[in-house]
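Contents: one structure, followed by commentary.
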Amino acid sequence: MAGRISDDDIALVRERSPIADVIGEYVQLRNAGGGNLKGLCPFHDEKSPSFNVTPARGMYYCFGCSEGGDVISFLQKIDALTFAEAVERLAGRAGVQLRYEQGGYVPGRQQGERSRLIEAHRAAAEFYVSHLTSPEAAVARRFLSERGFERADADHFGVGYAPNEWEALSRHLMGRGFSVQELIKGGLAREGRRGPIDRFRGRLIWPIRDITGDVIGFGARKLIEADDGPKYLNTPESPIYHKSSVLYGIDLAKREISKRSQAVVVEGYTDVMALHLAGVPTAVATCGTAFGEDHIKVLRRILFDQGQGEVIFTFDGDSAGQKAALRAFQDEQKFVTQTFVAVQPDGLDPCDLRVQKGDAAVRDLVASREPLFAFAIRSVIGRYDTSTNEGRLSALDAAAPVVASIKDKALRHMYAVDLDRWLGFMNERLVVERVTEIAARPVEARPEKKPAKAAPLDPHQRYEFEALQLAVQRPALLGPEFDVLGAGAFTRAEHAALYELIVSCGGTAAGGAGGREWVERLLAGASEELRPFVTRLAVDPLRVETNGEERHGVGLLARLQEVTVSRRLDALKSRMQRLNPVDEAQDYNRMFGELAALEAQRRMLRERLAGA
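Counting from 1, one number per residue, gives the positions in the sequence shown under the UniProt record's numbering.
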């Protein structure tokens with residue numbers, strides 16, 4: 001059994017794993033001011049960014065779904081890793097050699113399942129690449145050459161060859177210390193009567209990498225006629241490979257997609273290669289499945305999808321390509337950015353187009369894109385004979401629901417006008433009314449999962465919140481006055497609990513100027529229920545200019561103290577009303593003195609508030 005990772009090593013991994021760099025491999029982050037970064041949340045669907053990262057404190061928090069934590073918990077959540085697996089991956093990234101307690105460090109044995117499968121796939125990719133130069137792989141090299149790819153191109157994309165043997169890869173990996181169970185679980189082999197059998201044999205191999213560059217699967221193209229398998233064979237679903245969210249080429253394209261605010265979605269591995277080599281480095285492809293919702297989420301995060309960019313689908317010009325475009329249309333409105341279709345009129349895919357007409361023709365194909373809405377509507381019209389009145393009416397009945405499904409009312413009206421023109425009715429009112437009628441029909445309500453929002457804070461609770469926020473981010477600005485407030489100064493249970501946590505961790509004096517160490521101390525002492533609140537306060541930007549933070553802190557303290565004094569005054573007045581000033585003169589006079597002192601204190605606090 002693997003030992004526990006040393007606490008010192010975990011701290012070192014955190015220190016050497018800048019959270020903005022790690023999260024930036026999954027989400028495009030932009031400056032949000034005050035040292036914070038912002039992007040679209042990878043954990044829930046949203047139209048505008050509410051996912052914040054604070055590099056100075058090594059924390060992230062989403063104000064839409066309340067998901068938050070540090071660099072380790074981010075990896076755990078985004079890639080479904082255990083704590084140890086996330087630490088191991090970050091350690092590998094940062095060059096930290098981990099030590100394990102209860103038995104010490106044993107290389108290769110004390111890794112999580114995901115890490116082991118990633119290592120096996122990396123070794124498999126190297127094995128396939130090494131065999132591309134073998135005499136047996138001549139057919140694979142010829143395949144690449146005929147499609148315009150040179151040896152350097154194959155090296156750039158990591159293309160390899162699987163020997164046409166039953167267990168060549170399995171023997172190699174087992175010799176490297178991987179078990180049969182690991183090979184089968186990772187989809188590299190399947191169970192045979194006499195042991196493991198390689199899944200890919202006698203095929204051209206493309207490594208499929210995740211967004212961080214780790215090999216998680218393979219795509220394989222048939223080369224031998226005697227192979228009775230499918231033309232393309234992909235890795236099956238595994239603990240590290242989920243085809244519905246995998247985009248081939250995303251590791252190479254992500255930075256250019258972010259930089260250019262453009263993604264080009266193609267249909268095959270060679271098409272991705274052709275576009276990249278032709279000067280369109282934003283191309284990606286799905287891996288043996290239709291483009292779907294999870295693929296959209298990946299692209300939206302990288303595009304920082306707020307309407308400024310574009311997603312371009314390239315499809316073959318045949319009927320299958322048109323069907324693919326119409327499937328994409330169903331998901332189009334899940335993007336905020338504009339979506340387009342680029343179809344080569346002669347039916348050539350990008351790879352063949354590059355071979356026959358050169359790189360410029362590939363770039364021209366992408367530049368000739370047309371809006372996906374227009375393409376989908378025209379595709380429906382194209383099924384009918386619009387030279388007759390009957391055909392035009394049938395086309396209208398078929399295309400009107402497509403136009404009616406456009407959510408943006410203004411855009412829907414504009415395409416209704418276009419539909420009239422494309423059909424040749426010359427009766428704009430007829431077509432617009434038909435589309436409007438269909439759009440008004442009730443559709444089956446589908447509940448949309450939205451993150452539950454916390455109840456809004458009342459004005460005083462907002463002061464409590466902001467005081468606690470300062471105590472987490474800038475504790476030195478509050479000083480000892482904060483530490484003697486008492487939990488009774490906080491009306492919300494969550495606020496009182498956090499106040500007590502801060503005091504138990506040494507108070508504001510222990511927090512000093514704030515920063516990562518102070519936040520980590522609070523998180524270490526927090527209950528599981530309180531931890532998300534600490535994370536939120538560590539990330540939520542202060543609602544005050546930096547040069548006004550000290551005055552803001554003075555005002556918040558005075559506000560909380562004034563409310564506390566007012567409560568004590570109310571309680572004291574209530575007790576005095578129950579006393580007889582003659583019979584209980586001593587108690588009454590003592591309370592009167594307290595009353596005068598509290599009134600003076602409240603006056604002073606209100607003056608301080610006015611100054612702040």
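Beta carbons: idealized from backbone N, C-alpha and C, even for Gly.
Residue i classed as buried or exposed, judged by whether at least 16 other C-beta atoms fall within 10 angstroms
i      : result
VAL539 : buried
ALA596 : exposed
LYS259 : exposed
LYS254 : buried
GLY82  : In the sequence as displayed, the identity of residue 82 is Thr instead of Gly. Under this definition THR82 is an exposed residue.
GLU85  : buried
VAL139 : exposed
ALA274 : buried
PRO163 : buried
VAL484 : exposed
GLN28  : buried
ASP70  : buried
THR508 : buried
THR388 : exposed
SER527 : exposed
ARG559 : buried
SER17  : buried
GLY358 : exposed
GLU67  : buried
ASN192 : Here the sequence assigns Gly to residue 192, which means Asn is not the residue at that position. Its Cβ having fewer than 16 others within 10 Å, GLY192 is exposed.
ALA600 : exposed
Per DSSP, cross-strand counterpart(s) of residue i
i      : result
ASN389 : Paired residue(s): none; ASN389 is not in a bridge.
LYS222 : ARG203
GLU67  : In the DSSP output, where bridge partners are listed per residue, GLU67 has none listed.
ARG209 : VAL215
MET59  : THR54
ASN31  : LEU37
ALA285 : TYR248 and VAL266
GLU119 : The partner list for GLU119 (beta bridge, DSSP) is empty, contrary to what the question assumes.
GLY160 : ILE205
ILE197 : ARG190
GLN338 : GLU310
Cβ-Cβ separation, residue j to residue i (assumed contact under 8 Å), whole Å
i           : j      : result
SER48       : CYS62  : With 8 Å as the limit, SER48 and CYS62 do not qualify as a contact, their Cβ atoms being about 12 Å apart.
PHE304      : ARG30  : 6 Å
VAL435      : ARG412 : 7 Å
residue 690 : LEU223 : No answer is possible for residue 690: the residues shown for the chain start at 1 and end at 612.
GLY249      : ALA283 : 6 Å
VAL53       : ILE19  : 6 Å
LEU353      : ALA360 : Actually they do not touch by this definition, with Cβ atoms about 10 Å apart.
TYR241      : ILE216 : 5 Å
LEU530      : LEU478 : Between LEU478 and LEU530 the Cβ distance is about 19 Å, and since that is not below 8 Å, they are no contact.
GLY309      : SER368 : Going by Cβ atoms, the distance from GLY309 to SER368 rounds to 18 Å, so no, they are not a contact pair.
Cβ-based neighbour list, residue i, same chain, cut-off 7 Å, excluding 5 preceding and 5 following
i           : result
GLU481      : LEU557
GLY108      : Low local confidence applies: a pLDDT of 44 at GLY108 is under 50, so the model's placement there is unreliable, and no value is given.
ARG363      : ALA278, GLY279 and VAL280
LEU348      : GLN356
ILE5        : ALA84, VAL87, LEU98 and TYR100
THR289      : LYS243 and SER244
ARG521      : CYS505
residue 630 : The question about residue 630 has no answer here: the residues shown for the chain are numbered 1 through 612.
VAL106      : For VAL106, the predicted structure reports a pLDDT of 45, less than 50, and the residue's modelled location is therefore unreliable. The matter cannot be settled from this model.
Contacts around residue i, its chain only, beta-carbon distance under 6 Å, and the 5 residues preceding and following it disregarded
i           : result
PRO236      : GLY187
LEU12       : VAL96
residue 619 : Absent from the model: residue 619. The displayed extent of the chain is 1 to 612, so no value can be given.
MET604      : none
LYS449      : The predicted model places LYS449 with a pLDDT of 43, which falls under 50 and marks its position as unreliable; any figure quoted below should be read in that light. Excluding positions up to five away in sequence, the list is empty.
ILE302      : GLN28, LYS254, ILE257 and SER258
ALA404      : VAL435, ILE438 and ALA439
Sequence-distant residues of the same chain with beta carbon closer than 8 Å to residue i, five excluded per side
i      : result
VAL544 : HIS552
GLY64  : CYS41, HIS44, GLU46, SER50, PHE51 and PRO451
LYS231 : ARG221 and LYS222
GLU444 : Confidence at GLU444 is low in this model, with a pLDDT of 47, below 50, so its placement is unreliable and the value that follows should be read with caution. Nothing listed; no residue qualifies.
ASN234 : ILE208, GLY217, PHE218, GLY219, ALA220, LYS243, CYS287 and GLY288
beta-carbon residue i near the ligand ADP non-hydrogen atom, thresh 8 Å
i      : result
LEU457 : As presented, the structure is devoid of all ligands, the ligand ADP included, so that no description of it is given.
Closer than 9 Å to chain D by CB, residue i
i      : result
ALA189 : Included in the structure is just one protein chain, with no chain D present.
Okay, do the stretch 430-441 and the stretch 459-470 touch, 3+ Cβ pairs below 8 Å being the bar?
no
Segment contact flag, the stretch 112-127 with the stretch 171-191, C-beta cutoff 8 Å, min 3 pairs
yes
The stretch 568-576 / the stretch 478-492 touching (three or more Cβ pairs under 8 Å):
no
Meets three-Cβ-pair contact criterion under 8 Å: the stretch 507-516 and the stretch 586-593
no
If contact is defined by three or more beta carbon pairs under 8 Å, each pair taking one atom from either stretch, is the stretch 400-408 in contact with the stretch 381-390?
no
Kindly confirm or deny that the stretch 141-154 and the stretch 116-125 touch, where touching means at least three C-beta pairs closer than 8 Å.
no
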